[in-house]
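Engineer: Per the working numbering, residue 589 is the first one in the first sequence, and the count goes up by one each step.
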Amino acid sequence: MNIWWIRRDLRLTDNPALSAALAEDAGVTPVYILDPLLLAKPAPKRQAFLFNGLRALEQDLKKLGSGLIVREGDPQTEIPRLAAEVNAGKVFAEADISPYARRRDEGLGKIIELHLVGGLGVYPVDAVCQANGKPYTVFTPYSRAWRALPYADLSLPKPKWLAPTPNLNSAPLPETASSAGFPAGEQEAQRRLNQFLEGTIFSYATDRDRLDLEGTSALSPYLRFGMISPRQVLSGARRAIKERLESQARASCEAWINELIWREFYQSILFHFPFVRSSAFRPNYQNLAWRHAPDDFRAWQTGRTGYPVVDAGMRQLAETGWMHNRARMITASFLVKHLLINWQEGEKWFMHHLVDGDLAANNGGWQWVAGTGTDAAPYFRIFNPTLQGKKFDPDGMYVRRWVPELAHVPQSYIHTPWQMTAEHQKNFKVEIGKNYPHPIVDHEFARLRALDFFRSK
DNA sequence: TGAAATGTTGGGGCG
DNA sequence: ACGCCCCAACATTTC
589 MNIWWIRRDL RLTDNPALSA ALAEDAGVTP VYILDPLLLA KPAPKRQAFL FNGLRALEQD
649 LKKLGSGLIV REGDPQTEIP RLAAEVNAGK VFAEADISPY ARRRDEGLGK IIELHLVGGL
709 GVYPVDAVCQ ANGKPYTVFT PYSRAWRALP YADLSLPKPK WLAPTPNLNS APLPETASSA
769 GFPAGEQEAQ RRLNQFLEGT IFSYATDRDR LDLEGTSALS PYLRFGMISP RQVLSGARRA
829 IKERLESQAR ASCEAWINEL IWREFYQSIL FHFPFVRSSA FRPNYQNLAW RHAPDDFRAW
889 QTGRTGYPVV DAGMRQLAET GWMHNRARMI TASFLVKHLL INWQEGEKWF MHHLVDGDLA
949 ANNGGWQWVA GTGTDAAPYF RIFNPTLQGK KFDPDGMYVR RWVPELAHVP QSYIHTPWQM
1009 TAEHQKNFKV EIGKNYPHPI VDHEFARLRA LDFFRSK
């Protein structure tokens, strides 16, 4: 008997750990450990998505004749205990890269025969490195090396049948509301991918930035928990490229693949530089004199900064657990550059809410925005929330959807509501300063202040 | 995966 | 016809 320890690979198709466990020609016991250390940090929407995903996986396992064992506790205790119960000698799991996961797995590896297989990306995390063996710290060369690796369009098949799981104790999964907007499970992930590949992907290069369109795949939560594998997703994109000859369509597919590479780039950064978890990648950006401004932070968190596109993004996050990538950049930039609040505060808030919240990607994104990271955005790259709104939400539909106070404001004022006369405000059913705030900081002032702040660092 | 400031060019209005 | 000015459009530089 082998144990398949499920962590971030909640799927049966193209699952290297499961396949490896099966290849031994032994029975497989699938187990998920509810680790109090991992569940301690509150992230209700993400945890609901996880638990619902486990329920979906359990159903899928049942269809194959198997089941899912759930245990609660420290994996270093629980895995060996389960192994003793089912008389298993080997444990198979997908390799993980976070500092905690690596410590945990290293510890367990001393107790039991633990086989770590594959990884969170298309390639093992350390496979993409320079000729001298050192990790890349800049995205572009990393992406070149990534693309140069041989890739076989192979997806491991879903097993046809699994041996019945022994009748053992299994902890109940916490009851959670359904994950509105993101139904959990492998089928839904597959359905989304297929739908994306049917059309959306071919205009991704331009539409991905549009806040008012559904121009992205919205697969991030599914990739986060491995309800679909990066290989499945990459194979799909490569198939799509073959279908179309127009340069625009192909460039769009490539642009989407690039986003997959970003994901793995940041995984590689976290793996090789685990300190980024709690400090700046660039040490000289470690101790900036960030503002302590609880009121401003609160306004940002609750989507009441007075900048419509910022507020729309923050409310979309709080309501749905997801935010459009462009909005993530705009809101993050606003916190760091306009308010001069420590990016780590923003990182924490995002982690609390995001269904797709992932340490490597979230941390990498925030460090990028703050200019403390690898491909550091130059300090003077400061988003103008008004211009960003006009460019990427030209009619204001994204703003109206998430900031209902502004529902009746016409296009001409939707990104600058403070410019409306009292008469306008009356006509458009909003009173600035009363049911929608004045901008909490003037853009021009904030821009100059940020330039000063980061220049003199 | 900016934005603002500054510089250049060229068409058109007009005395 | 000519020179001058205005300014939009685009390009370059700067933060």
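Note that beta-carbon positions come from the ideal geometry of N, C-alpha and C, so glycine has one too. Note that the structure is a prediction, hence the values are computed from the model and not measured.
Assess, as a yes-or-no matter, whether the segment 748-759 is touched by the segment 720-734 under the definition of 3 or more beta carbon pairs within less than 8 Å.
Structural biologist: In short, these stretches do not touch, since the Cβ pair count stays below three.
Engineer: Just mark alanine 900 as buried or exposed, buried being the case when its beta carbon has 16 or more other beta carbons within 10 Å.
Structural biologist: Buried, since its Cβ has 16 or more Cβ neighbours within 10 Å.
Engineer: In or out: threonine 893 buried (at least 16 other Cβ within 10 Å) or exposed?
Structural biologist: Its Cβ being crowded by 16 or more others within 10 Å, threonine 893 is buried.
Engineer: Touch check for the segment 878-892 and the segment 915-931: three-plus C-beta pairs under 8 Å?
Structural biologist: These segments touch.
Engineer: Would you check if the distance between the CB atom of lysine 746 and the CB atom of threonine 601 is smaller than 8 Å?
Structural biologist: Yes, they are a contact pair.
Engineer: Please classify threonine 974: does DSSP put it in a helix, a strand, or coil?
Structural biologist: Helix, per DSSP.
Engineer: Beta-carbon separation of leucine 656 and tyrosine 620 under 8 Å?
Structural biologist: Closer than 8 Å, so yes.
Engineer: Count the other C-beta atoms from every protein chain shown that fall within 10 angstroms of the C-beta of glutamine 820, then say buried if there are 16 or more, exposed otherwise.
Structural biologist: Result: buried.
Engineer: With DSSP as the reference, please indicate the residues paired to valine 1018 in a beta bridge.
Structural biologist: Paired residue(s): none; valine 1018 is not in a bridge.
Engineer: Which same chain residues end up closer than 6 Å to isoleucine 970 when comparing Cβ atoms and leaving out the 5 residues on each side of it in sequence?
Structural biologist: The residues are Lys925, Arg1035 and Ala1038.
Engineer: Could you have a look at histidine 940 and say whether DSSP puts it in helix, strand or coil?
Structural biologist: Three-state result, histidine 940: helix.
Engineer: Distance check for histidine 1031 and alanine 644, CA to CA, integer angstroms please.
Structural biologist: In a straight line, the C-alpha of alanine 644 is about 47 Å away from that of histidine 1031.
Engineer: Between the segment 700-713 and the segment 839-856, can you find at least three pairs of beta-carbon atoms closer than 8 Å?
Structural biologist: Contact between the segment 839-856 and the segment 700-713 is present, because at least three Cβ pairs lie under 8 Å.
Engineer: Would leucine 708 and aspartate 693 be called neighbours here (beta carbons separated by less than 8 Å)?
Structural biologist: Cβ distance not < 8 Å, so leucine 708 and aspartate 693 don't count as in contact.
Engineer: What residue from Ala759, Gly695, Ser731 and Glu776 has the CA that sits closest to aspartate 963's CA?
Structural biologist: The residue with the shortest Cα to Cα distance from aspartate 963 is Ser731.
Engineer: In its own chain, which residues sit with a C-beta less than 8 Å from the C-beta of alanine 765, not counting the 5 before and 5 after it?
Structural biologist: Hits under 8 Å: Ala636.
Engineer: What are the residues that DSSP puts in a beta bridge with valine 674?
Structural biologist: Note: valine 674 sits in no beta bridge, so no partner.
Engineer: Below 8 Å between beta carbons: does that hold for glycine 557 and valine 943?
Structural biologist: This structure cannot speak to residue 557, because the chain is shown only from 589 to 1045.
Engineer: By the DSSP assignment, the alpha helix (DSSP H) with isoleucine 857 in it spans what residues?
Structural biologist: Where isoleucine 857 is concerned, the enclosing alpha helix (DSSP H) stretches over 835-860.
Engineer: DSSP three-state call for glutamate 701: helix, strand or coil?
Structural biologist: In the structure shown, glutamate 701 sits in a strand (DSSP, three-state: E or B).
Engineer: Three-state secondary structure (DSSP) at valine 997?
Structural biologist: Reduced to three states, the DSSP call for valine 997 is coil.
Engineer: Determine the direct distance from the alpha carbon of glycine 769 to that of leucine 801, and round the result to whole angstroms.
Structural biologist: Near 16 Å, if we compare the C-alpha coordinates of glycine 769 and leucine 801.
Engineer: What do you get for glutamate 578, buried or exposed, if any count of 16 or more other CB atoms within 10 angstroms of its CB means buried?
Structural biologist: Residue coverage of the chain in this structure runs from 589 to 1045, which leaves residue 578 outside it and unanswerable.
Engineer: So for tryptophan 878, helix, strand or coil by DSSP?
Structural biologist: Residue state, collapsed to three classes: coil.
Engineer: Quick one: is proline 762 buried, meaning 16 or more other Cβ sit within 10 Å of its Cβ, or exposed?
Structural biologist: So proline 762 counts as exposed.
Engineer: Return yes when the Cβ of arginine 916 is within less than 8 Å of the Cβ of leucine 799, no when it is not.
Structural biologist: No, they are not a contact pair.
Engineer: Output the distance between the C-alpha atoms of leucine 928 and histidine 880, rounded to the nearest integer angstrom.
Structural biologist: For leucine 928 and histidine 880, the distance between alpha carbons rounds to 9 Å.
Engineer: Here's the rule: buried if 16 or more other CB atoms are within 10 angstroms of the residue's CB, otherwise exposed. What is alanine 676?
Structural biologist: The residue in question, alanine 676, is buried, as its Cβ has 16 or more Cβ neighbours within 10 Å.
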